[in-house]
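Those protein sequences? They're chains X and H, same order as listed.
Numbered by numbering that gives the first Met the number 0, the letters in the first sequence go through residues 0 to 348 in order.
Numbered by numbering that gives the first Met the number 0, the letters in the second sequence go through residues 0 to 264 in order.
By construction, the Cβ of each residue, glycine as well, lies at the ideal position given by its N, Cα and C atoms.
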Amino acid sequence: MFSAVFGSVEQGIIYAIMALGVYISFRVLDFPDLTVDGSFVTGAGVAATMIILGYHPVLATAVAVIIGFLAGCVTGLLHTKGKINALLAGILMMIALYSINLRIMGLTSENSIGRPNIPLLNAETMFNQFQSFWGSLGIDTAINNFFSMLGVQYLPATWGTLFIMAIIVLLIKLIVDWFLKTEVGLAIRATGDNKKMIRSFSANTDTLIIVGLGFSNALVAFAGALIAQYSKFADIGMGIGMIIIGLASVIIGEAIFGTKTIVRTTFAVISGAIIYRIVLGLALRVDFLDTGDMKLITAVIVIVALILPQYFEKKREKSRKAKRHAERLVEYQHSLTKGGAAVAKTYPD
Amino acid sequence: MLKLTQINKLFNEATPDEKIALDQINLKLNPGDFMTVIGSNGAGKSTMLNMISGALTPDFGVIEIANKDVTKLPEYKRSQMIGRVFQDPMAGTAPTMTIEENLAMAYSRNKKRLLRKGVDKKRRELFRESLESLHLNLENRLNAKVGMLSGGERQALSLLMATFTQPDILLLDEHTAALDPSRAELITNLTKELVEQNQLTTLMITHNMQQALDLGNRLIMMDKGQIILEIEAEEKKKLTIPKLMDEFQRIRGEKLNSDKALLSV
Chain X
0 MFSAVFGSVE QGIIYAIMAL GVYISFRVLD FPDLTVDGSF VTGAGVAATM
50 IILGYHPVLA TAVAVIIGFL AGCVTGLLHT KGKINALLAG ILMMIALYSI
100 NLRIMGLTSE NSIGRPNIPL LNAETMFNQF QSFWGSLGID TAINNFFSML
150 GVQYLPATWG TLFIMAIIVL LIKLIVDWFL KTEVGLAIRA TGDNKKMIRS
200 FSANTDTLII VGLGFSNALV AFAGALIAQY SKFADIGMGI GMIIIGLASV
250 IIGEAIFGTK TIVRTTFAVI SGAIIYRIVL GLALRVDFLD TGDMKLITAV
300 IVIVALILPQ YFEKKREKSR KAKRHAERLV EYQHSLTKGG AAVAKTYPD
Chain H
0 MLKLTQINKL FNEATPDEKI ALDQINLKLN PGDFMTVIGS NGAGKSTMLN
50 MISGALTPDF GVIEIANKDV TKLPEYKRSQ MIGRVFQDPM AGTAPTMTIE
100 ENLAMAYSRN KKRLLRKGVD KKRRELFRES LESLHLNLEN RLNAKVGMLS
150 GGERQALSLL MATFTQPDIL LLDEHTAALD PSRAELITNL TKELVEQNQL
200 TTLMITHNMQ QALDLGNRLI MMDKGQIILE IEAEEKKKLT IPKLMDEFQR
250 IRGEKLNSDK ALLSV
């Protein structure tokens, strides 16, 4: 149980970066961007390919982020300059990226042009590089000793991944928070909110959409690059349903933690990603469910996350109203018992 | 400050529905002029305003702002020089963003938007001060989302935002039409105040004849895509609504459609 939850948290925190990307396109720009399913694999593919070709994992990840940015920009261009419907522009880019991703990963193979998967079993990744440094600190044994004292069995091999990812995600959250409050960020948010208005304040909404989608997909590709290194492979199919996972994280987080400010919303999105993974991990432990059911479970989680908040909101509203009505009733009865004077005061005639 | 020369615009060209939206419009506004525009629906008032703001481009003709030909300049570039308030109170502000964030966007209208904080301490002070001039207590709600404000409050904020950077031209498109009478009066007074205070060159469309007479130093009446009547400063002060109606009848040879829905008296 503990190790299952631990694994979910570890993965969830990586997927949180992707969820933040989806948050920027879906919520901030109000642009349902399906590029994500493709750009996630692009991030993974570029990073894996460069690592196999012998580049430093950090450089490989950085290049993946840049390529992801460009992919988002193309979707933005299709939509703004090509006047293609937002959903369609994303889908077009997604299927175009499928072939492109095959070719990118094909660069690692001498006898074929495309390649559907790259294993990274013995390759150097950001994680095992960090872990060799982390292991020398001896923090793992300290933490595990603490937990075994509490009686927890099956302790994780290392806390390093969780630690480094927490720092990276925190940094990204701070960057997103800061960016959305800059002059450019405000204009991007207004583009999603009221295009007519921000155009009348001399902002080029086309450019803002392109840059916004670029930023969003850069984060998605970053998550892809990290997941490839974390799970030690890149696969052409790993992006399927990514957009739904991202959306699920955003919706779950927003439902639980609210959207009062940007700082709070980004926190909600990150937490949503982790909660989603934990729910999924627990669901998969049920005997009759199989890993193949993952997408179905995802769909169910999203549906529940969409419907449940409405139900609670209705219930809350009902009890709030009932309480107020009861108060009014007491006031009214009170005025009656006081006799005619109170009534006469209310109705002078 | 603003000069329109021979502006022409057709809608649905070369189809049975072809309509002359603007027909040889010539107009000149001097710095500080406040012109009101009246006319029934379909007269071309809003088309003319959209032409000036860059939302539409003329078929031919030249638009100059501050002695610069802007005919081909896209809307977002032109809006550095133009402030606009729309009829719909929802249209001029971003509802999910806070009051101070909305003002920050108005503030960077004529500057390049950079990766710099939109709202800092200094700007917040500036925003607070200018909001005080509205007397709506908005200065104490800087962090409230604009979607929570009432229509009147939003329109007052829109007006403040539109005039914030003292644009060369202020365009008002029936900006009080969607408000109840008391709110409309508030916004009308505020308009007067802000225009005078900032010496703005203003063009205001209204369907309210009284408002058209009360505000500004010049008045034009439009009909079927043409400017049919121009009234200047001294003359405008003496103008009354019946006189205006008679004038229309004299020019057009037909009775002005005094349907209250079109030209409320």
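- As the crow flies, the alpha-carbon of H/Leu148 is around 10 Å from that of H/Gln154.
- Rounded to whole angstroms, the gap between the alpha carbons of X/Tyr153 and X/Ile209 is 47 Å.
- Chain X has no Cβ within less than 8 Å of the Cβ of H/Pro88.
- Contiguous alpha helix (DSSP H) elements confined to the region 91-170 of chain X occur at 125-134, 138-148, taking only those with 4 or more residues.
- Residue contact with chain X for H/Leu48: absent (no Cβ-Cβ distance below 8 Å to any residue of chain X).
- Nearest to H/Leu214 by C-alpha distance, out of H/Met34, H/Asp22, H/Gln5, is H/Met34.
- By DSSP's assignment, H/Met50 forms no beta bridge with any residue.
- For the options X/Ile255, X/Asp36, X/Val35, X/Ala267, the alpha carbon positioned closest to that of X/Val168 is the one of X/Ala267.
- Of all residues in the region 152-181 of chain H, none has a C-beta nearer than 7 Å to a C-beta of chain X.
- Counting only Cβ-Cβ distances below 9 Å, X/Ala202 has contacts in chain H at Tyr75, Ser78, Met104, Ser107, Arg108, Arg112, in chain order.
- Here DSSP, grouped into helix, strand and coil, assigns X/Val64 to helix.
- The DSSP-derived three-state label of X/Val285 is coil.
- Residues of chain H whose Cβ lies closer than 9 Å to the Cβ of X/Ile197 are, in chain order, Tyr75, Ala93, Met104.
- Within its own chain, the residues whose Cβ lies closer than 6 Å to the Cβ of X/Ala59, once the five positions on either side in sequence are excluded, are Ala46, Met49, Ile50, listed in chain order.
- The beta carbon of X/Glu182 sits closer than 8 Å to some beta carbon of chain H.
- By the Cβ-count criterion, X/Met164 is buried, with 16 or more other Cβ atoms from all chains shown falling within 10 Å of its own Cβ.
- H/Asp222 is bridged by DSSP to H/Gln225.
- H/Ala42 sits in coil when the DSSP states are folded into three classes, being neither helix nor strand.
- Look at H/Gly117: its C-beta is under 8 Å from a C-beta on chain X.
- Around H/Glu229, the same chain offers Ile219 as residues with beta carbons nearer than 6 Å, after the five sequence neighbours per side are excluded.
- In the three-state reduction of the DSSP assignment, H/Phe33 falls in the strand class.
- At a C-beta separation below 9 Å, H/Arg122 has no neighbours in chain X, since its nearest C-beta there lies roughly 11 Å away.
- Not one beta carbon of chain X lies nearer than 8 Å to the beta carbon of H/Arg251.
- Bounds of the beta strand (DSSP E) holding H/Val84 are 81-84.
- The Cβ atoms of H/Met50 and H/Ile62 sit closer than 8 Å to each other.
- Looking at the DSSP output, H/Phe59 bridges to H/Asn7.
- Among the residues of chain H, those whose CB is under 7 Å from the CB of X/Asp192 are Ala93, Pro94, Thr95, Met96, following chain order.
- Residues of the region 206-224 of chain H that bring their beta carbon within less than 9 Å of a beta carbon in chain X are absent altogether.
- Distance from the Cα of X/Ala224 is smallest, within the candidate group X/Gly37, X/Asn143, X/Leu91, for X/Gly37.
- In the DSSP secondary-structure assignment, H/Ile24 is bridged to H/Ile6.
- Under the 8 Å criterion on CB atoms, X/Arg263 is classed as non-interfacial with respect to chain H.
- Per DSSP, reduced to three states, the secondary structure at H/Asn142 is coil, with no helix or strand assignment.
- Contact between X/Leu212 and X/Gly71 holds: their C-beta atoms lie close to 4 Å from each other, under 8 Å.
- DSSP, reduced to helix, strand and coil, places H/Leu169 within a strand of the structure shown.
- Runs of the beta strand (DSSP E) lying entirely within the region 221-299 of chain X, each at least 3 residues long, are 232-234 in chain order.
- Contact of H/Arg83 with chain X by beta-carbon distance below 8 Å involves Ser199.
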